[in-house]
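Residue numbers (numbering that gives the first Met the number 0), protein chains in the order written: chain A, 0 to 151; chain B, 0 to 199.
C-beta: ideal position from N, C-alpha, C; glycine also.
Because the structure is a prediction, the values reported are computed rather than measured.
One structure is given below, encoded as structure tokens.
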Amino acid sequence: MAGFKKKESREMPEMNTSSLPDLIFTILFFFMIVTTMREVTLQVKLTVPQGTELEKLEKKSAVSYIYVGPPTDALRAQMGSSTRIQLNDRYAEPREVMDFVAQERQGMANQAEQVISIKADSKTQMGIITDIKEVLRKSWALRINYSATRRQ
Amino acid sequence: MAKKKKKMPGLNTSSTADISFMLLIFFLVTTSMDTDTGLARRLPQPPDKEQEDAQIDVKERNVLNVKINSNGRMWCSDGTGSGELDIKLLRNRAKDFIQNPNDLSSLPEKAAVEIDLLGQCYITKNHVISVQTDRGTPYDVYFQVQNELVAAYNELRNDLSKAKFGRPYDALNNEQQVAVRAYYPQKISEAEPKNYGGTN
Numbered sequence: 000m001a002g003f004k005k006k007e008s009r010e011m012p013e014m015n016t017s018s019l020p021d022l023i024f025t026i027l028f029f030f031m032i033v034t035t036m037r038e039v040t041l042q043v044k045l046t047v048p049q050g051t052e053l054e055k056l057e058k059k060s061a062v063s064y065i066y067v068g069p070p071t072d073a074l075r076a077q078m079g080s081s082t083r084i085q086l087n088d089r090y091a092e093p094r095e096v097m098d099f100v101a102q103e104r105q106g107m108a109n110q111a112e113q114v115i116s117i118k119a120d121s122k123t124q125m126g127i128i129t130d131i132k133e134v135l136r137k138s139w140a141l142r143i144n145y146s147a148t149r150r151q
Numbered sequence: 000m001a002k003k004k005k006k007m008p009g010l011n012t013s014s015t016a017d018i019s020f021m022l023l024i025f026f027l028v029t030t031s032m033d034t035d036t037g038l039a040r041r042l043p044q045p046p047d048k049e050q051e052d053a054q055i056d057v058k059e060r061n062v063l064n065v066k067i068n069s070n071g072r073m074w075c076s077d078g079t080g081s082g083e084l085d086i087k088l089l090r091n092r093a094k095d096f097i098q099n100p101n102d103l104s105s106l107p108e109k110a111a112v113e114i115d116l117l118g119q120c121y122i123t124k125n126h127v128i129s130v131q132t133d134r135g136t137p138y139d140v141y142f143q144v145q146n147e148l149v150a151a152y153n154e155l156r157n158d159l160s161k162a163k164f165g166r167p168y169d170a171l172n173n174e175q176q177v178a179v180r181a182y183y184p185q186k187i188s189e190a191e192p193k194n195y196g197g198t199n
């Protein structure tokens, strides 16, 4: 066998690393594709409730988020500490949800699959949630999702 | 002396790996792989006048009333009785209510229904679980109540799936899931909020 003849050379041949960048690039592209950067900065403080019967939100493109909670510490001085609704990048009143839903719906490929995810702080009172739900009903956005984390 | 070399020296690419590593680490850090989870619910259609007239026609034994007041305390009433209920007991109460295993006259009435794959079934098809909240009810309590009710349905569906098809509900094919859903239809209604027992 040819391999046994050169027993004198003890040195390890250097590993060829020329394909290493390609490898890293592949991983890089993978992460670039799966990354969804959060497009809104949260202006409300929220800890979602914990539950056991949760479902995953698939089809992220069909999901719109409504954030509910007290303003963050930085904004508390101006906005007070009462519970607010955040749509996109600003505070809103419950009735503005209707426009928001319609607007979000327009940009969607499959409008029937629209899901509204309500991310509400667990200390919120139901009044504001009920107002939102009523408006959602009126604007025919019937599939909703109460955002929560899994209880261990 | 150096001018003798006519060949272009090859570009040193040994740092390409480092650069792409840095990019990789940036994306690794900013990526949020965790998918959002939540409790999926379906809102009823917006009310119209014809519906409002038809709504009255629900027998008392078919309704399980769950009321949560502004202090987050829960009252539960159906044909078997009413009173304050701990949230941990709600799941079993709801399961009994949905199933009516002993065909009691105080729990929802059963009717024969023909379901594909399951044949003639004797189910409580007209039962309704009504959740009523106050404007001051903590969202967390409301969420836990919803969670328990959905859990009750899920457990019942799972039991049925295992008994009939030998597999949990999630592992069934589409047709079988439809059949199981028809056997235990999810009927959680949400009444308009009332302002009882508390301030806003």
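- In the DSSP assignment, E189(B) falls within the beta strand (DSSP E) that extends over 187-189.
- Ranked by Cα distance from V96(A), the first of M107(A), V47(A), I115(A) is I115(A).
- Selection Y182(B), G135(B), P137(B) evaluated against D158(B) yields Y182(B) as nearest (Cα-Cα).
- Taking 8 Å as the cut-off, the beta carbon of N101(B) is found no closer than this to the beta carbon of N61(B).
- Around the Cβ of D133(B), a 10 Å sphere holds 16 or more other Cβ atoms; the residue is buried.
- Separation of the CB atoms of L117(B) and K163(B) is rounded to 6 Å, and the pair is thereby assigned contact status at 8 Å.
- Contact between the stretch 91-100 of chain B and the stretch 74-84 of chain A is absent: fewer than three C-beta pairs spanning the two stretches fall below 8 Å.
- For the pair M73(B) and L84(B), the CB atoms are nearer than the 8 Å cut-off.
- Taking 8 Å as the threshold, the shortest C-beta distance from A150(B) to chain A falls below it.
- The CB of I26(A) comes closer than 7 Å to the CB of L23 in chain B, given here in chain order.
- With the criterion set as a beta carbon lying under 9 Å from some beta carbon of chain B, the members of the stretch 133-145 of chain A are E133, L135, R136, K137, S138, W139, A140, L141, R142, I143, N144, Y145, in sequence order.
- Annotated as distal: K109(B) and I128(B), with beta-carbon spacing of 8 Å or more.
- The beta carbon of T79(B) is closer than 6 Å to those of S105 in its chain, skipping five residues each way along the sequence.
- For F30(A), the chain B residues whose C-beta falls within less than 8 Å of its own C-beta are L23, F26, L27, T30, listed in chain order.
- Taking 8 Å as the cut-off between beta carbons, the residues of the stretch 141-170 of chain B near chain A are Y141, F142, Q143, Q145, N146, V149, A150, N153, in sequence order.
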